[in-house]
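Colleague: This structure is in structure tokens; I'll ask about it shortly.
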Amino acid sequence: MTATIVVGTQWGDEGKGRVVDWLAAQADIVARYAGGDNAGHTVTVGGERFALHLIPSGILYPDTLCVLGAGMVVNPARLIAEIDGLTERGVDASPSRLKLSVGAHLILPYHIALDGAMELQRGKKALGTTRRGIGPAYADKAARAGLRAGMMQDPERFADRVYEAVKAKNAILTGVYGQPALDAEAIAAQFHDYARRLAPYLADVSLLINERLAGGQRLLCEGAQGTLLDLDHGTYPYVTSSSATVGGALTSLGFGPRYVEEVIGVAKAYTTRVGAGPFPTELTDELGDRLRGTGANPWDEYGTTTGRPRRCGWLDAVILRYAARVNGLTGLALTKLDILSGFETVKIAVAYDYRGERLEHFPTEADVLARCRPIYEELPGWSEDLTTARRWEALPPAARRYVERVEALTGVPVRLIGVGPGREQTIVR
Ligand code: GDP
Ligand code: IMO
Ligand code: MG
């Protein structure tokens with residue numbers, strides 16, 4: 027009767043996919059609860075890399091049931107491509123083990139066109155979205171004008187609705203944004219085919235999950251994005267449009283808090299961000315370049331989804347304390363500790379200086395955060411390669427001290443440590 031919820035503690039790309047892959051060995055169901063294909067979750071098993079955007083990372087185990095929750099926005103073309111890609115690589119992604127909530131909202135081509143047009147209009151104030159149509163799709167959901175996955179049960183009627191929706195949005199695309207109109211007929215025909223293909227995957231996810239939880243099965247909830255990208259608790263407006271924090275799992279999947287046993291926050295051993303917005307510990311010098319890497323390694327800091335270089339900086343304990351509070355974390359998974367090898371000293375932000383005032387708590391107003399300067403604690407670095415360490419005792423004393431300092435500064439135990447992208451490169455405490 028237990029559920030574990032995995033959330034990102036920073037600005038996304040913390041390594042949630044690899045942590046979920048590790049934890050999924052103990053789960054019967056793995057459920058994605060937030061976002062859409064703006065996410066990119068990389069899992070490396072036996073030297074093979076899988077980049078997942080919509081399908082939960084649990085799909086790489088043969089027996090787990092994988093679920094996409096109602097809180098997600100799903101681009102049907104992208105979901106079908108991902109199913110086909112996995113199938114080609116010998117991974118079973120058939121309707122018997124992959125379920126799509128009838129309540130999930132669909133991303134249509136006009137959402138993508140509007141995402142691009144709105145970014146263009148923002149000019150210098152662009153948010154740096156992934157241009158996957160995420161914001162406009164969630165906006166339609168809130169405005170009660172969206173198309174839901176459940177509508178695909180009747181492909182004919184669904185195609186009519188798509189046709190009407192494209193026509194209505196064309197007025198906005200052309201009239202407000204001066205963009206070309208989309209071909210409503212062609213899109214309706216395409217979505218008719220998508221509906222036929224995806225209808226077998228549709229399910230009442232809340233019913234399915236609750237029946238299985240009541241039957242003693244174990245649920246693992248896979249977050250996307252991160253706490254600071256959450257629509258309510260992130261650095262608004264530099265956020266995504268979904269509930270990436272812990273509550274989003276319950277809302278999206280339709281089960282109650284009494285089942286929740288663990289909330290694991292995934293934190294990178296340093297901090298990264300893609301897209302615009304304030305980032306107190308950002309390093310714009312060669313130290314930042316060193317953290318980012320050249321792109322030669324698959325784990326270097328370039329986006330899984332968009333290929334954009336990620337902004338890099340030191341670990342920020344103010345952020346982690348905030349994530350611990352907002353999500354009620356019971357444990358941390360600290361990834362990419364191996365990347366910090368070779369730095370003479372390593373720094374952790376312990377508080378902020380805001381116009382001469384010392385802030386211990388993370389300020390959620392973007393304007394305030396933009397004026398915060400990190401107050402650092404400097405720790406000795408280590409030169410040893412960590413990638414072959416498999417036990418806590420095998421880590422050099424300075425690396426252990428770094429992890430213990432993270433625990434002391436956040437009040438949350440570090441339960442898992444990543445020392446490389448591979449499934450086996452995990453240290454359990
Ligand atoms: P997610 O969006 O939170 O799932 O994270 P991403 O997959 O977008 O980005 C994390 C990147 O770091 C991926 O390329 C992972 O393969 C890689 N990665 C995860 N954990 C580790 C680790 O402990 N060490 C190293 N070197 N790479 C890791
Ligand atoms: P995973 O699950 C990192 C960022 C975008 C942009 C902002 C809004 O892989 O951690 P959107 O397209 O969602 O409207 O963009 O959010 N963003 C992410 N950054 N990892 C992600 O997902 C992200 N999903 C969205 O870069 O700044
Ligand atoms: Mg990612």
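Under the numbering used here, think of the first position of the sequence shown as 27, with each following residue one higher. We put the beta carbon where it would ideally sit given N, CA and C, even for glycine. Since this is a predicted model, take the numbers as computed values, not measurements.
1. Closest by CA to R158, which one among T332, R318 and M178?
2. With 16 as the cutoff for other CB atoms within 10 Å, does K150 come out buried or exposed?
3. Identify every run of the alpha helix (DSSP H) within the stretch 213-294, keeping only runs that are complete inside it and at least 4 residues long; order them along the chain.
4. Evaluate R44 with the Cβ neighbour count: other Cβ atoms within 10 Å of its Cβ, from every protein chain shown; 16 or more gives buried, anything less gives exposed.
5. Out of E40, V32, L412 and T28, which has the shortest C-alpha to C-alpha gap to A293?
6. Which of the three DSSP states is assigned to I109 in this structure?
7. Comparing C-alpha positions only, which one of R183, M98 and L140 sits nearest to G201?
8. Please return the same chain residues whose Cβ sits closer than 6 Å to the Cβ of A165, not counting the five positions on each side in sequence.
9. With a threshold of 8 Å, are at least 3 pairs of Cβ atoms found where one atom belongs to the stretch 322-336 and the other to the stretch 255-264?
10. Name the DSSP bridge partner or partners of H67?
11. Any idea if Q52 is buried or exposed, counting beta-carbon neighbours within 10 angstroms, 16 or more meaning buried?
12. Sorted by chain position, which residues of the same chain lie with C-beta nearer than 8 Å to L405's C-beta, five sequence neighbours on each side aside?
13. Using only the heavy atoms of the ligand MG, determine whether one of them is closer than 8 Å to the beta carbon of D63.
14. Check whether the stretch 299-314 and the stretch 388-402 are in contact - that is, three or more C-beta pairs closer than 8 Å.
15. Three or more C-beta pairs under 8 Å: does that hold for the stretch 309-323 against the stretch 345-361?
16. Given 8 Å as the limit, is there contact between the stretch 132-147 and the stretch 199-216, that is, 3 or more CB pairs closer than that?
17. Cβ atoms of A377 and L366: under 9 Å apart, would you say?
18. Can you give the beta carbon distance from V19 to V56, rounded, assuming they're within the 8 Å contact cut?
19. Quick check: does the Cβ of D39 come within less than 8 Å of any heavy atom belonging to the ligand MG?
20. Can you tell me the Cβ-Cβ gap for G291 and V33, rounded? I've got them flagged as a contact below 8 Å.
21. Can you list, in chain order, the residues of its chain with a C-beta nearer than 7 Å to that of Q179? Leave out the 5 residues immediately preceding and following it.
22. DSSP three-state call for L137: helix, strand or coil?
23. For A302, is the beta carbon positioned less than 8 Å from some heavy atom of the ligand IMO?
24. Under the rule that 16 or more other beta-carbon atoms within 10 Å means buried, what is R417, buried or exposed?
25. Between which two residues does the alpha helix (DSSP H) carrying R431 extend?
26. Can you find the residues in the same chain that come closer than 7 Å, C-beta to C-beta, to Q451, ignoring five residues on each side of it along the sequence?
27. If you follow the alpha helix (DSSP H) that L346 is in, where does it begin and where does it stop?
28. To which residues of the same chain is M27 closer than 7 Å at the C-beta, ignoring the five residues directly before and after it?
29. The alpha helix (DSSP H) that contains R316, what's its start and end?
30. Tell me whether P447 is buried or exposed, calling it buried when 16 or more other Cβ atoms sit within 10 Å of its Cβ.
31. Do you know whose CA, among L94, R58, L442 and R187, lies nearest A214's CA?
32. Would L234 and V93 be called neighbours here (beta carbons separated by less than 9 Å)?
33. Three-state secondary structure (DSSP) at M27?
34. Enumerate in chain order the residues of its own chain whose CB-to-CB distance from R455 is below 8 Å, with the five nearest sequence positions on each side excluded.
35. If I measure Cβ to Cβ from L421 and keep anything under 6 Å in the same chain, skipping five residues before and after, which residues do I get?
Modeller: On the basis of the coordinates in this document:
1. Position 132 of the sequence shown holds residue 158. With distances taken between Cα atoms, R158 lies closest to T332.
2. Here residue 150 corresponds to residue number 124 of the sequence shown, with the count starting at 1. Burial call: exposed.
3. 231-240 and 272-279
4. Reading the sequence shown from its first residue, position 18 is the one you call residue 44. Label assigned to R44: buried.
5. Looking up residue 293 in the sequence shown gives position 267. Its Cα nearest to that of A293, the residue E40 stands out among E40, V32, L412 and T28.
6. Walking along the sequence shown from the start, residue 109 turns up at place 83. It is helical.
7. Looking up residue 201 in the sequence shown gives position 175. Of the candidates R183, M98 and L140, the residue whose Cα lies closest to the Cα of G201 is L140.
8. Taking the first residue of the sequence shown as position 1, residue 165 is located at position 139. None.
9. no
10. By one-based count along the sequence shown, residue 67 stands at place 41. DSSP, once it has assigned bridges, lists L78 as partnering H67.
11. Translated into the one-based positions of the sequence shown, residue 52 becomes position 26. Answer is exposed; the Cβ neighbour count stays below 16.
12. One-based indexing of the sequence shown puts residue 405 at position 379. Correct list, in chain order: T371, V372, K373, I374, A424, R427, Y428 and R431.
13. Here residue 63 corresponds to residue number 37 of the sequence shown, with the count starting at 1. Between the ligand MG and the CB of D63, the shortest heavy atom gap is not smaller than 8 Å.
14. yes
15. no
16. yes
17. Within the sequence shown, residue 366 is the residue found at index 340, counting from 1. Within the sequence shown, residue 377 is the residue found at index 351, counting from 1. No; because the gap between Cβ atoms is not below 9 Å, this pair is not in contact.
18. Because residue 19 is not part of the residues shown, which for the chain are 27 to 455, the question remains open.
19. Within the sequence shown, numbered from 1, the residue matching residue 39 stands at position 13. It does: the Cβ of D39 is within 8 Å (strictly closer) of some heavy atom of the ligand MG.
20. Locating residue 291 in the sequence shown gives position 265, where the first residue counts as 1. Locating residue 33 in the sequence shown gives position 7, where the first residue counts as 1. That pair is a contact at about 6 Å.
21. Start at 1 with the first residue of the sequence shown, and residue 179 comes out as number 153. Counting only residues of its own chain and dropping the five nearest sequence neighbours on each side, Q179 has a CB closer than 7 Å to the CB of A225 and L228.
22. As a working note, residue 137 is residue 111 in the sequence shown. According to the sequence as given, residue 137 is His; it is not Leu. Residue state, collapsed to three classes: helix.
23. As a working mapping, residue 302 is identified with position 276 in the sequence shown. Yes, the beta carbon of A302 sits closer than 8 Å to at least one heavy atom of the ligand IMO.
24. Here the question's residue 417 lines up with position 391 in the sequence shown. Exposed, by the Cβ-count rule.
25. Walking along the sequence shown from the start, residue 431 turns up at place 405. P423 to T436 is the span of the alpha helix (DSSP H), which, as asked, contains R431.
26. Against the sequence shown, residue 451 aligns to sequence position 425. Cβ within range, chain order: T413, G444 and V445.
27. Counting from one through the sequence shown, the residue named residue 346 turns up at place 320. Its alpha helix (DSSP H) spans residues A343 to N353.
28. Position 1 of the sequence shown, counted from the start, is the residue given in the question as residue 27. Reliability of the predicted coordinates at M27 is poor, the pLDDT of 48 falling under 50, and the value obtained from them is presented with this limitation in mind. Hits under 7 Å: L239, G242 and Y285.
29. As a working note, residue 316 is residue 290 in the sequence shown. Unbroken alpha helix (DSSP H) run through R316: E312 to R318.
30. Here residue 447 refers to the residue found at position 421 when the sequence shown is read from its first residue. When all chains shown are included, P447 counts as buried.
31. Numbered from its first residue, the sequence shown carries residue 214 at position 188. Checking every option, the nearest Cα to that of A214 belongs to R187.
32. Reading the sequence shown from its first residue, position 208 is the one you call residue 234. Reading the sequence shown from its first residue, position 67 is the one you call residue 93. Yes.
33. For the purposes of this step, residue 27 is taken as residue 1 along the sequence shown, with counting starting at 1. Note that M27 has pLDDT 48, beneath the 50 cutoff, so the model's placement of it is unreliable and the number below is only indicative. Of the three classes helix, strand and coil, the one that applies to M27 here is coil, per DSSP.
34. Here residue 455 refers to the residue found at position 429 of the sequence shown. Cβ neighbours of R455 beyond the five flanking positions: W418, P439, V440, R441, L442 and I443.
35. The sequence position of residue 421 within the sequence shown is 395, counting from 1. The residues are A415.
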